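To start, the structure itself, in structure tokens.
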Amino acid sequence: METVSAQKRKTTASEPSPSLPLYRSAPELEVSLDDFELYAIDRLRVLKAMSDGLSRGKKPDEIGALVTELWKEHMQHPNPSDVMNKDIISHFVLRLVYCRTEDLRKWFLSMETTLFRHRFRLESLEVQRMLMSEFKLPFKALSNSEFEAVKEKLGQVARSINQPLPTVDSTIFKVPFEEVPELVAGRRVYMLKGDAYVAMNQVASLVVTQFRSHLSKALVLTNRKWTSMIQEQEKDRLTPIVEALSSSYLGPDYSQPKEYAEISIKDIDRVANSSFPLCMRHLFDKLREEHHLKHGGRMQLGLFLKGVGLKLDDALAFWRVEFSKKVGTEKFDKEYSYNIRHNYGKEGKRTDYTPYSCQRIITSTPGVGDHHGCPYRHFSEENLRAALSKMGVSSRTADDVMDKVRHRHYQLACTLTFEAIHSCSCDAGINHPNQYFTESQKILQQRSQAAE
8 METVSAQKRK TTASEPSPSL PLYRSAPELE VSLDDFELYA IDRLRVLKAM
58 SDGLSRGKKP DEIGALVTEL WKEHMQHPNP SDVMNKDIIS HFVLRLVYCR
108 TEDLRKWFLS METTLFRHRF RLESLEVQRM LMSEFKLPFK ALSNSEFEAV
158 KEKLGQVARS INQPLPTVDS TIFKVPFEEV PELVAGRRVY MLKGDAYVAM
208 NQVASLVVTQ FRSHLSKALV LTNRKWTSMI QEQEKDRLTP IVEALSSSYL
258 GPDYSQPKEY AEISIKDIDR VANSSFPLCM RHLFDKLREE HHLKHGGRMQ
308 LGLFLKGVGL KLDDALAFWR VEFSKKVGTE KFDKEYSYNI RHNYGKEGKR
358 TDYTPYSCQR IITSTPGVGD HHGCPYRHFS EENLRAALSK MGVSSRTADD
408 VMDKVRHRHY QLACTLTFEA IHSCSCDAGI NHPNQYFTES QKILQQRSQA
458 AE
């Protein structure tokens with residue numbers, strides 16, 4: 008099996024054993040290409056779920072609980088001794104993936120810093136102090152006399168932020184204020200002559216600031232190495248994996264319908280109205296209106312319909328009825344039917360093609376006369392509001408959707424639309440048009456059964 012080389016982390020037997028590495032250097036290990044990709048995907052599941060949680064306004068304690076749950080679910084290893092290796096390897100693979108543009112670096116830096124913050128807080132005091140010493144932070148523990156001199160001020164700050172009052176046994180550090188910008192900005196520390204007085208339970212801010220600074224610089228250096236050397240050297244091996252990971256879809260495969268195994272032509276208008284996401288409703292409506300779609304639209308809608316259970320014979324009949332109104336039956340059979348059979352794996356390489364994920368649809372670039380792509384990204388605000396209103400979304404919810412769109416959270420905008428239409432929450436978020444359809448049908452069938 009092909010492997011990738013990396014550098015091993017060294018510790019001594021006398022050190023505590025933190026479960027949180029600082030990622031100072033890549034491990035010297037032989038990593039199979041399969042593990043190289045799979046470890047990165049597992050970590051990416053954690054980071055993307057965190058990102059969704061933050062975008063949906065989850066509070067810090069909720070994000071902390073989410074991190075713990077996600078880490079346990081995705082970052083374990085059958086061999087306990089390899090858990091740390093998986094952690095370190097996955098981090099450095101994603102450094103390669105996300106070092107390549109400013110937007111990618113910004114997202115990765117934010118998510119890894121958030122992840123580090125919550126994992127640091129779970130460590131013991133002994134390990135926290137060890138990590139602080141590894142960063143060589145400019146902190147100094149207060150002596151008893153120094154503590155007594157500022158005790159009253161420290162108590163005032165503690166009361167203002169609902170923290171326990173410091174005692175003579177408390178560990179308080181005096182650090183330059185610029186080392187703890189988050190605490191200073193939140194007025195969570197006492198300040199005197201350029202120094203901030205930081206309690207041990209606040210020390211995460213010290214370490215996180217240093218971690219973020221180190222990682223930010225490392226990402227820039229990694230990008231230089233990637234563009235000057237690694238990208239070309241690994242063009243036939245690592246480069247395709249690295250370039251695909253940042254836009255990879257991590258959810259279920261919808262190439263075959265699962266829970267709702269089949270829809271027929273007679274069902275299609277009903278389910279389009281009730282359970283198609285906006286991207287597919289727009290294509291469906293344009294097909295009915297213009298009796299034609301360009302290649303991108305045919306692929307996006309055609310594979311979606313295949314994934315929701317439209318059989319090949321029905322698909323041919325459906326597209327033939329629409330296209331024949333514009334191009335005629337003979338031209339349809341000659342120029343268009345081949346592609347439909349091809350999508351179902353009946354022509355050419357006989358590949359069973361998979362419906363497009365949200366990520367793929369969002370990153371597409373429709374041209375003039377095209378109707379594919381993501382409406383939340385490509386529609387004007389006026390057109391998007393009109394489309395949402397047609398789906399039954401209230402103007403108030405449309406305002407929330409537009410807020411997500413302005414911040415480029417297109418999948419969250421779609422999730423809000425789903426929640427508004429179905430009057431229920433969708434905590435997992437919408438990541439695939441076929442997921443939208445499946446979840447919608449599940450809800451509608453449950454309600455239908457309950458009403459019987």
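To convert, note that position 250 of the sequence shown is 257 in my numbering; the numbers rise steadily by one, no gaps.
Beta carbons: idealized from backbone N, C-alpha and C, even for Gly.
Note that the coordinates shown come from a computational prediction; the quantities given were computed from them, not determined experimentally.
Close-in-space but distant-in-sequence residues of the same chain around residue i (CB under 7 angstroms, 5 per side omitted)
i	result
G314	Y261, S262, P264, P362, N441
P188	T216
L253	Inspection of the sequence shows that residue 253 is occupied by Ser rather than by Leu. Taken in chain order, the residues that qualify are V104, Y105, L111.
Y345	E354
F142	V214, Q217
N92	P34, L36
L312	A322
Closest by C-alpha distance to residue i, when choosing among the options
i	options	result
L451	G436, R367, R128, S430	S430
L245	I275, L40, V227	L40
Y360	L312, Y351, R367, A192	Y351
H349	K232, L285, L319	L319
L29	S387, F127, I48	F127
K333	H298, D321, L317, D59	H298
K293	M409, E269, E329, L317	E329
S402	A427, F386, H414, H416	A427
Q170	A203, L144, Q209, M198	Q209
S387	R413, D407, S371, Q366	R413
G162	A148, S177, S150	S177
T120	E109, V408, L54, F146	L54
M137	G376, P373, M207, S220	M207
Whole-number beta carbon distance between residue j and residue i, since they are thought to touch under 8 angstroms
i	j	result
C433	Y383	Not really, about 15 angstroms apart at Cβ, beyond 8 angstroms.
G304	H379	4 angstroms
L116	S282	Their Cβ separation, rounded to whole angstroms, is 38 angstroms, which puts L116 and S282 out of contact at 8 angstroms.
V164	V196	6 angstroms
T229	R102	5 angstroms
L317	I347	Not a contact, Cβ separation roughly 10 angstroms.
Residue(s) in a DSSP beta bridge with residue i
i	result
L423	In the DSSP output, where bridge partners are listed per residue, L423 has none listed.
I270	L317
P183	D202
A322	DSSP, once it has assigned bridges, lists no residue as partnering A322.
K147	K181
Y197	Y204
Cβ neighbours of residue i in the same chain (closer than 8 angstroms, five flanking residues each side left out)
i	result
E155	V175
L285	P382, Y383, A394, L395, M398, C421, T424
I368	C286, Q307, H379, G380, C381, P440
F99	A13, Y30, A33, P34
M8	Its pLDDT being 48, under 50, M8 is placed unreliably by the model, and nothing is read from it.
Sequence-distant residues of the same chain with beta carbon closer than 6 angstroms to residue i, five excluded per side
i	result
L257	R52
R16	Legend: pLDDT at R16 = 43, less than 50; position of this residue unreliable, value from coordinates given subsequently. Counting only Cβ-Cβ distances below 6 angstroms, and skipping sequence neighbours, we find P34.
H125	G71, V74
Q238	T246
S7	The structure shown does not extend to residue 7, since the chain is modelled only from 8 to 459, so the question has no answer here.
F339	R327, F330, S331
F325	I272
Runs of alpha helix (DSSP H) lying entirely within the segment 108-137, each at least 4 residues, in chain order: 109-129
Counting only runs of 4+ residues fully inside the segment 30-74, write out the alpha helix (DSSP H) ranges in chain order. 40-62
Could you tell me which uninterrupted alpha helix (DSSP H) segments, each at least 4 residues in length, are contained entirely in the segment 209-264, listed from first to last along the chain? 211-232, 246-252
Contiguous alpha helix (DSSP H) assignments of at least 4 residues, all confined to the segment 325-378: Within the segment 325-378, complete alpha helix (DSSP H) segments of at least 4 residues are found at 336-342, 344-350, 365-369, given in chain order.
What runs of the alpha helix (DSSP H), each 4 residues or longer, lie entirely inside the segment 150-175? 151-167
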